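Protein chains in written order, with my numbering: chain D, 1 to 221; chain R, 222 to 442. Accompanying notes for the structure given below.
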DNA sequence: AAGAATCTCGCATGAACATGCGGTGGCAGG
DNA sequence: CCTGCCACCGCATGTTCATGCGAGATTCTT
């Protein structure tokens, strides 16, 4: 574990917490401060308080609750990341089903933990985040993978298309005309037309845009 | 931890291993069998050997090496999943940089671990996988998130398009002609033309197919 | 009340496309 | 050897599209 690269050095790993629940907040602070190599100096009850409270001395890692009064954590992560580009933000949530998972990730969160994560694993996750990793509770990771899979669904299935036809389709999707494609591939425009015909038959479409749409949605491109 | 839901019950968690390196293979078997609640009865040195060797009694979890002689693990995972739909496949790899990560995931792997993962964490991951989680080494998770972010980049940003224009674009991507869209929306074809013009300007494209392509890639549709 | 944005509609012209028909040659498998 | 699949080439017809120029209506902001 690359954990040792940080923990155990002269400087302790600095963690801040944003959570509207006082018990959780202080509990985390206690856990962190009672572990050698970790330090928690700042806790806040909202994103708004956090962005001003951190000042010019940001921590290494921020534990950020998802559900907060005022600005949501899933939105807030963007604020923090804009102000402190090196800050690693770990989201905390009670429910793996929460759809804000994806929003948070797109906004720059580097990890996502369930609040029921035991202290030892939580601290593990903190140091892994500090090292550039992306610790996630397995339930949450499962949801991410699910979406990930859907985004690249086919990948070689239903693929009657020949490699040539795929390449052609790719060029068309970039907005090239038949003539441009023909020139690019050093063939005649008539050849292009022929291939397009085959593509249309195989994809059961009748226009360039429909072909492109189908190809993209089915992961052919 | 939902681990307790499986481990500790009457039936031990059954694990199989596919790895071409004998030391790794037997090492894993030893680790697993020397831990209460886990059982490893089958180890194989290739995907091919695994798919026939498992027979009609598949394990709960399969640890599958990525790099293998013959069929790659990243491809093999599909085979295993087709034959045993309930089987959870955890990929093992030496390098987090490996691009087969994504291929494996799309092919049905439920998790991805670095081989240097310590035994305790590995067994943890196994039981988490068995419970439907998706354990991933943080370095690998970081790569997944990176790709994930890129795949949903805009989603509400750069969205100059008006709702009408978006709807129009959607219809066009389905292969409808201007006239059909016009009829569908009860407007003239000239109106459609005008909107298309605006869309082209905003997306900086010059053809239907390019517009559809850009819209799909940027998550506008 | 002025201005911006959006939606509506019109016309004209050249370019691009969809689809019909035809043909040659190569290479794999039955 | 023949049949199918693929890549290549040609032509002709009618349809659709891209883009130039206009204009009037609504709604929301300033």
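Even for Gly, the Cβ is constructed at its ideal location relative to N, Cα and C. Keep in mind it's a predicted model, so treat the numbers as computed, not measured.
For residue 166 (chain D) and residue 220 (chain D), the gap between their C-alpha atoms comes out near 7 Å. Look at the region 11-36 of chain D: it has no residue with a C-beta under 8 Å from a C-beta of chain R. Each residue's CA atom was taken as its position, placing residue 113 (chain D) and residue 90 (chain D) some 7 Å apart. Look at the beta carbons and you see the region 128-142 of chain D touching the region 357-366 of chain R: at least three pairs across the two are nearer than 8 Å.
With a 10 Å radius around the Cβ and a threshold of 16 neighbouring Cβ atoms, residue 244 (chain R) comes out exposed.
Listed as beta-bridge partners of residue 38 (chain D) by DSSP are D:13. Nearest neighbour of residue 70 (chain D) by Cα position, chosen from D:44, D:29, D:109, D:56, turns out to be D:44. In this structure residue 298 (chain R) is not in contact with residue 271 (chain R), their Cβ atoms being roughly 11 Å apart against a cut-off of 8 Å. Taking every protein chain shown into account, the CB of residue 256 (chain R) has 16 or more other CB atoms within 10 angstroms, so this residue is buried. The criterion of a C-beta distance shorter than 7 Å is satisfied by residue 279 (chain R) and residue 305 (chain R). Between the C-alpha atoms of residue 436 (chain R) and residue 177 (chain D) there is a straight-line separation of about 19 Å. With contacts defined by Cβ atoms closer than 7 Å, residue 415 (chain R) and residue 389 (chain R) do not form a contacting pair.
Residue contact with chain D for residue 424 (chain R): absent (no Cβ-Cβ distance below 7 Å to any residue of chain D). Around residue 301 (chain R), no beta-carbon contact reaches into chain D at under 7 Å, the shortest distance being about 16 Å. Within chain R, the residues placing a beta-carbon under 7 Å from that of residue 149 (chain D) are 326, 327, ordered along the chain. Looking from the CA of residue 289 (chain R), the closest CA among R:315, R:273, R:276 belongs to R:315. Within the region 182-216 of chain D, the residues whose Cβ lies closer than 8 Å to any Cβ of chain R are, in chain order, 205, 206, 207, 208, 209, 210, 211, 212, 213, 216. Here residue 178 (chain D) carries a helix assignment [DSSP, helix/strand/coil]. For residue 395 (chain R), the closest C-alpha among the options R:419, R:234, R:371, R:429 is that of R:429. A Cβ-Cβ distance of about 5 Å is found for the pair residue 281 (chain R) and residue 235 (chain R), placing them in contact under the 8 Å criterion. With the criterion set as a beta carbon lying under 7 Å from some beta carbon of chain R, the members of the region 119-151 of chain D are 128, 132, 133, 134, 135, 136, 138, 139, 141, 142, 144, 145, 148, 149, 151, in sequence order.
Taking a beta-carbon distance threshold of 7 Å, residue 440 (chain R) does not count as an interface residue toward chain D. Cβ-Cβ distances below 7 Å link residue 181 (chain D) to 168, 171, 172, 192 in the same chain, with the five nearest sequence neighbours on each side left out; the list follows chain order. Annotation: residue 66 (chain D) is outside any alpha helix (DSSP H) and is labelled neither H nor E by DSSP. At a cut-off of 7 Å, the C-beta of residue 267 (chain R) has no neighbouring C-beta in chain D. For residue 333 (chain R), there is no enclosing alpha helix (DSSP H); the enclosing beta strand (DSSP E) covers residues 332-335. At a Cβ-Cβ threshold of 7 Å, residue 74 (chain D) and residue 46 (chain D) do not count as neighbours. Residue burial is scored here from C-beta neighbours: residue 383 (chain R) has fewer than 16 other C-beta atoms within 10 angstroms and is therefore classed as exposed. When the alpha-carbon of residue 92 (chain D) is set against those of D:53, D:18, D:32, the nearest one is in D:18. DSSP places residue 191 (chain D) in the uninterrupted alpha helix (DSSP H) bounded by 189-203. Taking residue 251 (chain R) as the centre and dropping the five residues before and after it, the same chain places no C-beta closer than 8 Å to its C-beta. Across the structure, residue 210 (chain D) and residue 419 (chain R) are spaced so that their CA atoms are roughly 20 Å apart.
Sorting D:116, D:123, D:129 by C-alpha distance to the C-alpha of residue 139 (chain D) places D:116 at the top. Here residue 312 (chain R) is bridged, per DSSP, to R:285, R:333. In the DSSP assignment, residue 163 (chain D) falls within the unbroken alpha helix (DSSP H) covering 163-173. Closer than 7 Å to the CB of residue 74 (chain D) there is not a single CB belonging to chain R.
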